[in-house]
Amino acid sequence: MNGRERIGLAMQHKEPDRVPVMCQLALGHYFLNTGIAPHEIWFTSEGFAEALVMMQKRYQFDGILINLPGRPRNVLSEIKKVERIKKGELVTWRNGHVTIIPWDDNGQYVYSARPELQQRADLTMLDPDHLEMINQYPGYVWGTYHIPWLADKNDLGPMNEVPDYFLDTIDLVRAKTNGEISVHGEVFSPFTHYLELIGYQNAIIGLVKNKEKVKALLERFADASIAWAVAQAKRGVDAVLISSAFAGGGFMSPKMYAEYVLPYERRVVDAVKEFSIPVYTHTCGKIGDRLELMEQTGTMGIDTLDPHPLGNVALVDAKNGVGKRLFLKGNMNSVSILEYTTKAEVVAEATERIQIGMPGGGYILSSACSIAPRVEPWKIELLTPLAKEIGCY
Numbered sequence: 023m024n025g026r027e028r029i030g031l032a033m034q035h036k037e038p039d040r041v042p043v044m045c046q047l048a049l050g051h052y053f054l055n056t057g058i059a060p061h062e063i064w065f066t067s068e069g070f071a072e073a074l075v076m077m078q079k080r081y082q083f084d085g086i087l088i089n090l091p092g093r094p095r096n097v098l099s100e101i102k103k104v105e106r107i108k109k110g111e112l113v114t115w116r117n118g119h120v121t122i123i124p125w126d127d128n129g130q131y132v133y134s135a136r137p138e139l140q141q142r143a144d145l146t147m148l149d150p151d152h153l154e155m156i157n158q159y160p161g162y163v164w165g166t167y168h169i170p171w172l173a174d175k176n177d178l179g180p181m182n183e184v185p186d187y188f189l190d191t192i193d194l195v196r197a198k199t200n201g202e203i204s205v206h207g208e209v210f211s212p213f214t215h216y217l218e219l220i221g222y223q224n225a226i227i228g229l230v231k232n233k234e235k236v237k238a239l240l241e242r243f244a245d246a247s248i249a250w251a252v253a254q255a256k257r258g259v260d261a262v263l264i265s266s267a268f269a270g271g272g273f274m275s276p277k278m279y280a281e282y283v284l285p286y287e288r289r290v291v292d293a294v295k296e297f298s299i300p301v302y303t304h305t306c307g308k309i310g311d312r313l314e315l316m317e318q319t320g321t322m323g324i325d326t327l328d329p330h331p332l333g334n335v336a337l338v339d340a341k342n343g344v345g346k347r348l349f350l351k352g353n354m355n356s357v358s359i360l361e362y363t364t365k366a367e368v369v370a371e372a373t374e375r376i377q378i379g380m381p382g383g384g385y386i387l388s389s390a391c392s393i394a395p396r397v398e399p400w401k402i403e404l405l406t407p408l409a410k411e412i413g414c415y
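Read the sequence shown against my numbering and you will find it ends at 415, with the numbers running on by one and no gaps.
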């Protein structure tokens with residue numbers, strides 16, 4: 023049984039030959055461990071695809087999450103120079119702007135010539151029916167798409183047409199893995215789009231002071247999320263992940279989740295299900311009090327399941343609750359993985375997760391959130407051999 027088949031069965035809540043293994047890696051982990059220049063990973067579809075497949079093979083993962091859209095095909099021609107500095111790579115663009123890509127962290131876009139461009143949109147001034155020019159807020163474009171601009175795309179709202187280059191990384195990864203690995207696409211939730219447009223603090227305040235306009239914006243951003251999710255489904259991904267990182271207990275109450283997240287993510291889930299592929303949800307932090315609400319979006323699985331101290335999910339509780347109906351992925355403590363110094367520590371934690379998650383199928387062994395940049399590769403190399411040893415059905 024190959025990885026694509028193995029994860030496919032787990033997502034259907036069935037028993038494959040063994041527990042699948044699939045972790046998301048922080049971008050800095052690719053920078054540190056592939057030998058590919060960070061700006062090539064960050065700014066080119068080819069570089070990111072190569073990094074994804076390289077680390078999948080090294081760790082023997084059963085699946086790959088493509089968590090950046092494909093890049094404009096000529097974007098490197100807009101770079102004036104790339105310098106290696108102590109902090110990382112210093113990328114100077116022909117327009118005078120600068121990107122700093124740390125050796126171990128996400129790129130940071132600097133608007134040196136016009137710092138006012140970092141400002142987010144003013145909620146009170148926005149018209150939800152006229153979002154044609156939200157690309158005038160580079161902070162939104164960078165925060166959502168991690169690129170300074172979107173080539174050949176002036177209308178981002180509601181973004182009913184997805185630029186074809188967005189799909190390049192999917193094509194490249196599928197070609198490199200020959201249909202043997204489960205390839206997943208990712209789309210930001212409508213709520214994440216909203217946060218990136220307004221700015222986190224003002225966006226949260228808007229949930230209380232400007233409810234109706236926020237809801238109108240979320241409807242428009244649901245259109246954008248659906249367009250990107252559907253485009254990936256049509257291109258042949260094996261599953262779509264809705265990244266809803268900021269819908270946990272640190273940002274909002276369950277009541278607010280039900281009002282501002284659930285109905286809009288349900289629209290995205292319903293759209294993906296039309297293509298008969300799995301759709302699942304990634305939410306960070308404390309979600310133990312909203313697992314059933316997440317289930318009400320129609321999602322087929324839940325990713326991360328952060329344990330204490332980052333979250334509050336005990337895998338045994340999730341398995342005995344929503345895990346009876348949804349597949350579960352994650353729950354290995356991402357901070358502890360970084361801190362462990364011995365093989366025994368890593369194996370003990372992974373063993374516990376396999377023993378709890380394995381019965382009846384529907385579990386994918388994974389770190390709760392991303393593998394941190396400076397986690398030593400030998401730790402992650404332990405996971406798949408362990409699943410082969412003790413995770414067979």
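Glycine residues also receive a C-beta, built at the ideal position from the N, C-alpha and C atoms.
From residue i to residue j, what distance separates their C-alpha atoms?
i: K235; j: P212; result: 14 Å
i: T146; j: Y302; result: 33 Å
i: G320; j: A280; result: 13 Å
i: P91; j: W400; result: 29 Å
i: G129; j: I264; result: 22 Å
i: V259; j: G118; result: 37 Å
i: T199; j: C391; result: 24 Å
i: W171; j: P160; result: 7 Å
i: F70; j: A255; result: 20 Å
i: G30; j: G383; result: 11 Å
i: D193; j: R257; result: 8 Å
i: M322; j: E154; result: 33 Å
i: A244; j: A366; result: 45 Å
i: R347; j: T121; result: 44 Å
i: V397; j: H51; result: 8 Å
i: K308; j: T326; result: 10 Å
i: L229; j: Y362; result: 40 Å
i: D126; j: P60; result: 9 Å
i: P124; j: L189; result: 26 Å
i: V43; j: E218; result: 31 Å
i: K410; j: I88; result: 25 Å
i: I378; j: V262; result: 25 Å
i: I156; j: V294; result: 25 Å
i: I169; j: S67; result: 12 Å
i: Y222; j: Y216; result: 9 Å
Please classify residue i as buried or exposed, where buried requires at least 16 neighbouring CB atoms within 10 angstroms.
i: I220; result: buried
i: S298; result: exposed
i: N353; result: buried
i: C414; result: exposed
i: A372; result: buried
i: T364; result: exposed
i: D328; result: buried
i: G9; result: In the structure as shown, the chain starts at 23 and stops at 415, and residue 9 therefore has no counterpart that could be examined.
i: P300; result: buried
i: Q141; result: exposed
i: S163; result: The residue you asked about is not Ser; residue 163 is Val in the sequence shown. Result: buried.
i: V344; result: buried
i: D292; result: exposed
i: S275; result: exposed
i: P185; result: buried
i: A225; result: buried
i: D144; result: exposed
i: I203; result: buried
Looking at the strands, I want to know which residues DSSP matches up with residue i.
i: P113; result: Checking the sequence, you will find Val at residue 113 rather than Pro. Looking at the DSSP assignment, V113 forms a beta bridge with V104 and T121.
i: Q130; result: I122
i: D186; result: DSSP output for D186 lists no bridge partner at all.
i: A261; result: H206
i: T326; result: G352
i: I303; result: The sequence as given places Thr at residue 303; Ile does not occur at that position. Paired residues: I264 and I324.
i: I86; result: V205
i: I393; result: L47
Considering only residues of the same chain and omitting the five flanking positions on each side of residue i, which have a CB-CB separation below 7 Å?
i: E72; result: I58
i: D39; result: M23, R28, C414 and Y415
i: L284; result: L315, Q318 and T319
i: A267; result: T214, H304, T305 and C306
i: R375; result: L337, N353, M354 and L387
i: A270; result: Contrary to the premise, residue 270 reads as Gly rather than Ala in this sequence. Answer for G270: T305, C306, G307, K308 and I309, listed in chain order.
i: G272; result: G307 and K308
Any beta-carbon of chain C closer than 8 Å to the one on residue i?
i: G69; result: Absence of chain C from the displayed structure is noted, only one protein chain being present.
By Cβ distance below 6 Å, which residues in the same chain neighbour residue i in space, the five residues on each side in sequence not counted?
i: F65; result: R93 and V97
i: R312; result: P276 and Y279
i: N334; result: K308 and G310
i: Q82; result: T406
i: E105; result: L112
Going by beta carbon distance, what residues of the same chain come within less than 8 Å of residue i, once the five residues before and after it are set aside?
i: P150; result: K235, A238, L239, E241 and R242
i: R12; result: The structure shown does not extend to residue 12, since the chain spans only 23 to 415, so no value can be given for it.
i: I393; result: C45, Q46, L47, A48, H51, S356, I359 and I402
i: D339; result: G310
* Per the contact definition of three or more C-beta pairs closer than 8 Å, is the region 49-59 in contact with the region 77-91? -> A contact exists between the region 77-91 and the region 49-59.
* Okay, do the region 97-117 and the region 195-209 touch, 3+ Cβ pairs below 8 Å being the bar? -> The region 97-117 makes no contact with the region 195-209, as fewer than three CB pairs between them are under 8 Å.
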